[in-house]
Amino acid sequence: MYPTPKGDASPIPASKVGQVRLADREVAIADVRRHPGRYTSLFVRARSEVGHAVCLCRTDNVVRLVIRCRSGRYHLANWPLGGHGHAPDCRWYRSPSSVSGLSDYAGAFSTTDEGTSIHLSTPLTVCGASAPRGERSKHQAGTASPVTGRRSVGLLALLHFLWESARLNVWHPQDRQRTWRTCQVLLDEQVGDCWVNGMPLKDTLWIVPAFQRHHADRVSSAWQRYLAQLTGPGRARRRGLVLGEVRAVEPTEHGVRMRLAHQRARLYASTPLMHRVRRSFPSVFSELADRDGRRQVVLCLIERSRHGYAVIADLAAMLTTDSYLPADSSHEAEMATALVAAGRAFVKPLHYNGGSVFPDFVLVDSDPDTYLEVWGVRGRKRYEARKRTKQAIYRESGRTLLEWDVRDPLPGLSR
Ligand SMILES: [Zn+2]
352 MYPTPKGDAS
362 PIPASKVGQV
372 RLADREVAIA
382 DVRRHPGRYT
392 SLFVRARSEV
402 GHAVCLCRTD
412 NVVRLVIRCR
422 SGRYHLANWP
432 LGGHGHAPDC
442 RWYRSPSSVS
452 GLSDYAGAFS
462 TTDEGTSIHL
472 STPLTVCGAS
482 APRGERSKHQ
492 AGTASPVTGR
502 RSVGLLALLH
512 FLWESARLNV
522 WHPQDRQRTW
532 RTCQVLLDEQ
542 VGDCWVNGMP
552 LKDTLWIVPA
562 FQRHHADRVS
572 SAWQRYLAQL
582 TGPGRARRRG
592 LVLGEVRAVE
602 PTEHGVRMRL
612 AHQRARLYAS
622 TPLMHRVRRS
632 FPSVFSELAD
642 RDGRRQVVLC
652 LIERSRHGYA
662 VIADLAAMLT
672 TDSYLPADSS
682 HEAEMATALV
692 AAGRAFVKPL
702 HYNGGSVFPD
712 FVLVDSDPDT
722 YLEVWGVRGR
732 KRYEARKRTK
742 QAIYRESGRT
752 LLEWDVRDPL
762 PGLSR
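Taking our numbering as reference, the numbering of the sequence shown is continuous, increasing by one, and the terminal residue is 766.
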């Protein structure tokens with residue numbers, strides 16, 4: 352139906368993952384990304400003649416992509432809420448909305464021609480002293496309070512959104528080992544299309560760059576410039592967001608010092624804040640979290656102190672596996688690692704702190720999808736009730752359910 356790529360004599364795979372249609376031509380997305388300038392006229396034509404691009408990862412469905420232009424450079428982006436339409440091994444595949452906390456926060460995210468506008472509940476500009484304690488605790492993303500206003504997101508919801516947008520809660524056996532550098536690149540791509548409280552997210556959010564010795568001094572200078580911009584004129588001060596992986600939290604004379612992986616500069620926090628964070632994210636900061644290469648990813652709201660230090664005003668944390676797959680507990684991390692080893696394709700639903708009931712994992716390489724539950728806590732009434740509710744929901748909806756009671760050996764996970 353559509354012309355084949357010119358000069359490519361190899362057989363066309365049933366599913367052309369990695370190929371997109373721009374106007375009347377099929378092109379490899381890797382080539383478009385490597386040489387975007389060569390495709391400018393094709394992008395212009397696709398935009399005026401068709402209005403969008405088409406991803407060819409599915410043979411049974413037309414999956415549209417948005418064409419965006421920033422500073423004269425074109426790029427492709429996911430159709431709003433269209434990520435689930437792609438094949439699970441496609442770079443644009445995203446969690447189905449039925450298993451994403453994003454649906455609880457519809458009012459906090461709006462889609463514009465340029466991308467996504469996010470309303471963060473925590474102000475990013477403060478006057479005089481820090482926001483009053485009462486205001487901060489009301490909007491705390493990091494605390495155990497279950498829900499912030501649905502028209503705005505807290506830090507945990509923003510962290511989940513970023514992870515989900517970058518497809519970091521999805522695993523496909525064709526994915527290569529995920530490093531912090533992989534995460535950084537995927538996150539950077541998404542952040543370029545986002546605004547937070549009216550400001551470009553890329554100007555507000557510092558994603559710790561993966562360490563490269565020959566770039567260390569340049570990164571250090573960039574960090575200093577980033578911190579310097581947090582000193583506003585007069586009494587108004589800007590706050591920043593820092594996304595990184597915790598290496599260590601060490602006591603100091605005045606509180607704690609947080610060392611992040613890949614970053615020389617330290618962040619500082621008060622002892623009461625760290626106590627609160629540990630209470631709010633017990634599975635992230637438990638002793639078990641340090642085992643087997645598990646990682647602690649944090650999104651910190653920071654301010655610059657009078658002496659030029661980066662001080663954490665609030666933070667949200669997320670436990671992940673060695674491959675940066677999120678997990679709500681150490682047992683889930685064990686399961687995610689086992690699923691990767693078993694060569695399964697799956698999604699880890701992220702709740703955004705919104706309170707909806709989702710399965711712990713969704714295996715997307717079976718038809719229909721298989722839900723997977725990890726039953727870890729015993730004897731707690733609330734947990735047992737939640738377990739029964741979930742089992743009833745799955746039974747009623749006719750879902751295939753795979754279960755692991757953590758007192759037993761892992762179930763068979765191969766397809
Ligand atoms: Zn696709």
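Note that CB positions come from ideal geometry on N, CA and C, so glycine has one too. Fair warning: this is a prediction, and the values are worked out from it, not measured in the lab.
For residue i, which option in the options has the closest C-alpha, if you only look at C-alpha atoms?
i	options	result
V713	Y703, V547 and V725	V725
D756	L723, R608, P719 and S451	L723
E638	R655, G659, I653 and A599	A599
H658	L581, P524, A689 and V570	L581
P602	R630, R733, L624 and R442	L624
L407	R424, A620, G388 and P439	P439
C441	S572, D526 and L538	D526
S631	R384, M669, L611 and Y660	M669
V635	R588, T622, L753 and L507	L507
R409	S366, E604 and I744	S366
S717	D759, S765, Y745 and W430	S765
S461	I744, G730, N548 and L676	N548
Y660	A379, S621, H511 and D568	S621
E540	R758, H426 and T391	H426
L594	P633, C534 and I380	C534
Compute the distance between the beta-carbons of residue i and residue j, then report whether it is under 8 Å.
i	j	result
V648	L666	no
S748	R529	no
E685	R646	no
R608	R617	yes
G466	W546	yes
D720	E683	no
G458	R502	yes
A590	V405	Residue identity check: residue 590 is Arg in the sequence provided, not Ala. No; because the gap between Cβ atoms is not below 8 Å, this pair is not in contact.
C651	L592	yes
R421	P387	no
A664	T672	no
G369	L701	no
I469	L509	yes
S680	G644	no
F562	H613	yes
L761	A687	no
N520	L753	no
Go through its chain and collect everything with a Cβ distance to residue i's Cβ below 8 Å, but skip five positions before and after it.
i	result
H435	Y444, R445, S446, P447 and S448
V542	L513, L552, K553, L556 and I558
R822	Here the chain comprises residues numbered 352 to 766, so residue 822 is not present and cannot be evaluated.
A374	L393, R396, A397, E400 and V401
D544	R419, A428, E465, G466 and T467
W531	V559, A561, E596, A612, H613 and Y675
M550	L475
Apply the 10 Å Cβ neighbour rule to residue i and answer buried if 16 or more other Cβ atoms are within range, or exposed otherwise.
i	result
H437	buried
E515	buried
K825	Because the chain is modelled from 352 through 766, residue 825 falls outside the range shown and cannot be assessed.
K732	exposed
V536	exposed
H566	exposed
R564	exposed
A736	exposed
H605	exposed
Y734	exposed
R385	exposed
V413	exposed
R518	buried
R389	exposed
H511	buried
R746	exposed
R627	buried
Assuming residue i contacts residue j under a Cβ cut-off of 8 Å, what Cβ separation, rounded to an integer in Å, is found between them?
i	j	result
V450	L416	Not a contact, Cβ separation roughly 22 Å.
W522	V708	In fact, because the Cβ distance is near 22 Å, the residues do not count as touching under 8 Å.
G694	P524	4 Å
G706	D455	7 Å
Suppose the cutoff is 6 Å on Cβ atoms and the five residues either side in sequence are ignored; what does the same chain contact list for residue i look like?
i	result
A662	For clarity, residue 662 is Val in the given sequence; the question names Ala instead. Excluding residues within five positions, the ones whose Cβ falls inside 6 Å are Y619, E654 and S656.
T751	T721
P356	Here P356 scores only 39 on pLDDT, less than 50, and its place in the model should not be relied on; the value that follows carries that caveat. Excluding residues within five positions, the ones whose Cβ falls inside 6 Å are E377.
D759	none
P497	In this prediction, P497 scores a pLDDT of 42, lower than 50, which makes its location untrustworthy; the coordinate-derived value is nonetheless stated afterwards. So the qualifying residues of the chain are G706.
R629	F636
Less than 7 Å between C-beta atoms, sequence neighbours within five positions excluded: which residues of the same chain meet that for residue i?
i	result
A482	For A482, the predicted model reports a pLDDT of 47, less than 50, meaning its position is unreliable and no value from the coordinates is stated.
V570	P560
K741	V708 and E724
W430	R415, L416 and V417
T391	Y425
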